[in-house]
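Reading through the structure tokens given below for one structure.
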Amino acid sequence: MEDCISTSALLTTDGVPLKQSLKKAERKNKLRAFLLVFPLLLFIIVTFVMPIGDMLFRSVDDSQINGVFSNTFNEYKKWDKEKDVLPPEEVYKALFEELAYGEKIQIGRALTRMNYSKSGWKSLIKTTSREIKKAVKKDELPNNYKEFLISANDKWADPTFWYAMGQMVNNTTPIYYWNALDRTYDQDQNVVMQDEKRRIYIKTWIKTLKISVYVTIFCLILGFPVAHLLANLPLRYSNLLMIFVLLPFWTSLLVRTTAWIVMLQQNGVINGILVWLGILSDDGRLQLVYNETGTLIAMTQILLPFMILPLYSVMRVIPKSHMRAAQNLGAKPATAFWRVYLPQTIPGMSAGGLLVFVLAIGYFITPELVGGKDGKLIGHWIAYHLKTTLNWGLCAALGAILLGVMLIFYWLYNKIVGIDNIKLG
Amino acid sequence: MNDTSQSFVKFEKIDKSYDGEVLVVKNLNLDIAKGEFVTMLGPSGSGKTTTLMMLAGFETPTNGEIFLDTKPISKIPPYEREIGMVFQNYALFPHMTVEENLSFPLEVRKISKPETKEKVQKALDMVELGNFGTRFPAQLSGGQQQRVALARALVFEPRLVLMDEPLGALDKNLREQMQYEIKHIHDRIGITVVYVTHDQSEALTMSNRIAVFNDGVVQQLSTPDILYEKPENSFVAKFIGENNTLNGMVTDINGETCTVELDNGFGKVKALKINVNEKGDKTQLSIRPERVTIDSTNPEANNFEGKILELIYLGDHIRARLNVCGNDEFIVKVPNEGSFSHKEGDLLNLSWNPDDVRALDI
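If you read the sequences in order, they're chains A and B. Take the first sequence: its letter number 292 is residue 292 in the numbering used here, and every next letter is one higher. Take the second sequence: its letter number 266 is residue 1266 in the numbering used here, and every next letter is one higher.
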């Protein structure tokens, strides 16, 4: 027996190495476990990993236009901007050929992309294309392509358009990210701020973060006592209270949001009551909706359960004897709460806080409906570019930044509180 | 002991009701002397924990007053009572280390840092956990957590310590070991302890005196030996130790003793008159299993026959379950001296001394 134990490689009774035997015995279980989770894994890959990957790819992708104008861009890269004011003849020739023989739909798409870099591209290319088509039809290929193009549209003699082309000649581009942060390129390809009146995103980002933080704080302040009551009331009262907390979940988000409009508008319930009580004059009705206040109020109400539930699940398991023990040891109720109860609710507070914050930062419908002009969050612009301008690259960049902000907060949270401390139930 | 000037803790006419319909504690009068180890023993729902909570200040008496060191304490909030307490599940604060748990009562009393440190170390050494100060409660075993709870209840030098079934969560061996440890700590520092348990052997092991609770009333308050040997009513007789009962009616009273005619004509028993008043009273006789002798006759009285129903071999003694006078659950403990040769189904001659039979209420 002792020999058996002292040898370095352990053998089974049959003489097979123990590790090998163990592996064989567990292979079937491992395979079965993998097959069990495989559908879910597939589902997650298809519905989560791939879309996010696609979004991140689209936010920098510039390959479509590079496929359409590959020769032009290749020649363009050879242009020495110090020496010549305009690109060499080869660039004009490649452009002529690619516009003449390229696929129409692809060129159309490329035009949309070109307009993101500088407005005016679309009309320029369209008028030029017309002239080129005419020439090709008549079988009259020009001797000097440069002159031909400039005669077709004199903007081809304007270096600013040629400089703007420099932003597109690579397969990947950071332009969507710069746009998402109110930045663009000047004619020397430097990143600069947009015109004053076109700056919208940074303002919206700050507003989104600000409102998300406020909503999280208000949810915590309002949710903490409710969760405490839920966890400590006798069962029949706490069940009733729980129904009130969960009731909003059973009501459509749109209905709840619309209800807030009814409540908050200038001729709505709250203003009506305040005027009736004489607190407000009829002319001094408060503007509570279609601005940031409206967004804040409605979002806090809608996200409150996401704060209450994790808090409740944590508070429920804190033994009541802890508060008693603290008082028995000489702590006044306030001290006992602060030193003994509150620290034990941190996992719930942080779980709820993170949940509410993450939901708030990407919230769309409610701010869209009650936010008016001032109360719209970044989700509004993502939807706008997705549906109206079809600028999916910018959409993807905005989405990727949103994802990045969340990851930063998650990282900060992990640094400060520790992700092991999170507790949802 | 009944003198108010001597009693350190005094319950006076305490009633307690939660709903205004049922009294969970009825007319409780209890005196505890300084340095005493008093256990409240009783089945669950007998009011013992409620009594303890009233003393700690977490429940208010519905009627009556509790005095601590001759001062009424009903109006004093729990955090000013200077009473230590060990809770049923220890109630250690999970987010604090053992040291922080122990310094908590000292910090809220604004005791200086070095003094706190010294006291905490002393308390930890007392429970033999000197090296465990930096651990969190979750990293300790049940027995260690129990000791930390004990140390925390003692570290701020309270006037008295309450323990609410502190050993309930431990396994049997550890429980017995901790019983001795708590007893030794009590002996060493001489603090007054009020202990609550439903485990009679725990109560017998540790206490100076035991208050047996049932139905909100103290059935008997006495030292362990008197409780066992001289129970005053049938509840105490049944609750503490093993007990054989025979029912009957008093036919004659003669000073300290009485004669009881057993039900269904099984014969007459001479017994001590404890909880019966007059002839014709129904009574329950109580006889401890070890006080029944076999194979011998008593010259005075109380000779009976019993049929062996079951024999259980327990090493040092043999436990025999007999049918005696219609009672199927009559237990006799026969010391294992090697001479017992009866089989199940045999008839045994039994006898007992009239001084060992107590006529109690029914």
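Just so it is clear, CB atoms sit at the ideal spot from N, CA and C, and this is done for glycine as well. A quick note: this is a predicted structure, and the numbers were derived from the prediction, not measured.
As assigned by DSSP and simplified to three states, the class of residue i
i	result
Cys1325 (chain B)	coil
Thr1257 (chain B)	strand
Ser119 (chain A)	coil
His1342 (chain B)	coil
Thr1097 (chain B)	coil
Arg27 (chain A)	helix
Val1357 (chain B)	strand
Leu277 (chain A)	coil
Ser321 (chain A)	helix
Asp1215 (chain B)	coil
Gln106 (chain A)	helix
Lys1279 (chain B)	coil
Tyr446 (chain A)	What is shown of chain A runs 1 to 425, which leaves residue 446 (chain A) out entirely.
Val417 (chain A)	coil
Gln1139 (chain B)	helix
Phe1067 (chain B)	strand
Ile1274 (chain B)	coil
Ile1111 (chain B)	coil
Tyr185 (chain A)	strand
Pro17 (chain A)	strand
Met406 (chain A)	helix
Residue i: contacting residues in chain B (beta-carbon distance under 7 Å)
i	result
Val314 (chain A)	Within 7 Å Cβ-Cβ: nothing; Val314 (chain A) doesn't reach chain B, min ~12 Å.
Pro343 (chain A)	His1095
Val16 (chain A)	Near Val16 (chain A) there are no residues of chain B at all, since even the closest Cβ is about 39 Å away, more than 7 Å.
His322 (chain A)	Ala1091 and Phe1093
Cross-chain neighbours of residue i in chain A, by beta carbon under 7 Å
i	result
Ala1056 (chain B)	Asn328
Ile1076 (chain B)	Correct list: empty, because the minimum Cβ distance to chain A is about 12 Å.
Arg1109 (chain B)	Gly330
Pro1299 (chain B)	The contacting residues do not exist; Pro1299 (chain B) stays about 60 Å from chain A at best.
Pro1105 (chain B)	Leu329 and Gly330
Closer than 7 Å: residue i CB and nearest the ligand PLP heavy atom
i	result
Val16 (chain A)	The model on display carries no ligand, and the ligand PLP is accordingly not part of it.
8 Å Cβ cut-off: residues of chain B touching residue i
i	result
Pro319 (chain A)	Asn1089 and Ala1091
Interface residues of chain A facing residue i [CB-CB closer than 9 Å]
i	result
Tyr1079 (chain B)	Ala326, Gln327, Asn328, Leu329, Gly330, Ala331, Lys332, Pro333, Thr335 and Ala336
Arg1147 (chain B)	Result: empty, since nearest Cβ-Cβ is about 16 Å, beyond 9 Å.
Arg1152 (chain B)	Ala325 and Leu329
Phe1136 (chain B)	Under the 9 Å cutoff, chain A gives no residues; its nearest Cβ is about 13 Å from Phe1136 (chain B).
Ile1083 (chain B)	Asn328
Expected contact under 8 Å - CB spacing of residue i and residue j to nearest Å
i	j	result
Phe1136 (chain B)	Thr1097 (chain B)	6 Å
Val1250 (chain B)	Ala1359 (chain B)	7 Å
Arg1152 (chain B)	Asn1101 (chain B)	6 Å
Gly375 (chain A)	Thr295 (chain A)	4 Å
Phe1304 (chain B)	Val1324 (chain B)	6 Å
Gly348 (chain A)	Val314 (chain A)	3 Å
Residue i, buried or exposed, once every other Cβ within 10 Å from all chains shown has been counted against 16
i	result
Thr1116 (chain B)	buried
Leu11 (chain A)	exposed
Ser6 (chain A)	Low per-residue confidence applies at Ser6 (chain A): pLDDT is 48, beneath 50, and the placement is therefore not dependable, though the value from the model is reported in the following sentence. Ser6 (chain A) comes out exposed.
Pro310 (chain A)	buried
Phe244 (chain A)	exposed
Pro305 (chain A)	buried
Glu98 (chain A)	buried
Gly1020 (chain B)	exposed
Met50 (chain A)	exposed
Thr172 (chain A)	exposed
Glu1300 (chain B)	exposed
Pro1078 (chain B)	buried
Glu1118 (chain B)	exposed
Gln20 (chain A)	exposed
Gln301 (chain A)	buried
Gln959 (chain B)	In this structure chain B extends from 1001 to 1362, so residue 959 (chain B) is not present and cannot be described.
Leu257 (chain A)	Checking the sequence, you will find Thr at residue 257 (chain A) rather than Leu. It counts as buried.
Glu1329 (chain B)	exposed
Ile45 (chain A)	exposed
Ala25 (chain A)	exposed
Phe1093 (chain B)	buried
Chain-ordered chain B contacts of residue i [CB-CB under 9 Å]
i	result
Val340 (chain A)	Phe1093, His1095, Met1096 and Phe1104
### Query
Which residues, taken in chain order from the stretch 218-229 of chain A, show a beta carbon closer than 7 Å to some beta carbon of chain B?
Those residues of the stretch 218-229 of chain A that come within reach of chain B (Cβ to Cβ, closer than 7 Å) do not exist; the list is empty.
### Query
Which residues, in chain order, does the stretch 1155-1182 of chain B contribute to contact with chain A at a C-beta distance below 8 Å?
For the stretch 1155-1182 of chain B, the set of positions with a beta-carbon nearer than 8 Å to some beta-carbon of chain A reads Phe1156 in chain order.
### Task
Select from the stretch 389-417 of chain A all residues with a C-beta closer than 8 Å to any C-beta belonging to chain B, and list them in chain order.
Correct list: empty, as no residue qualifies.
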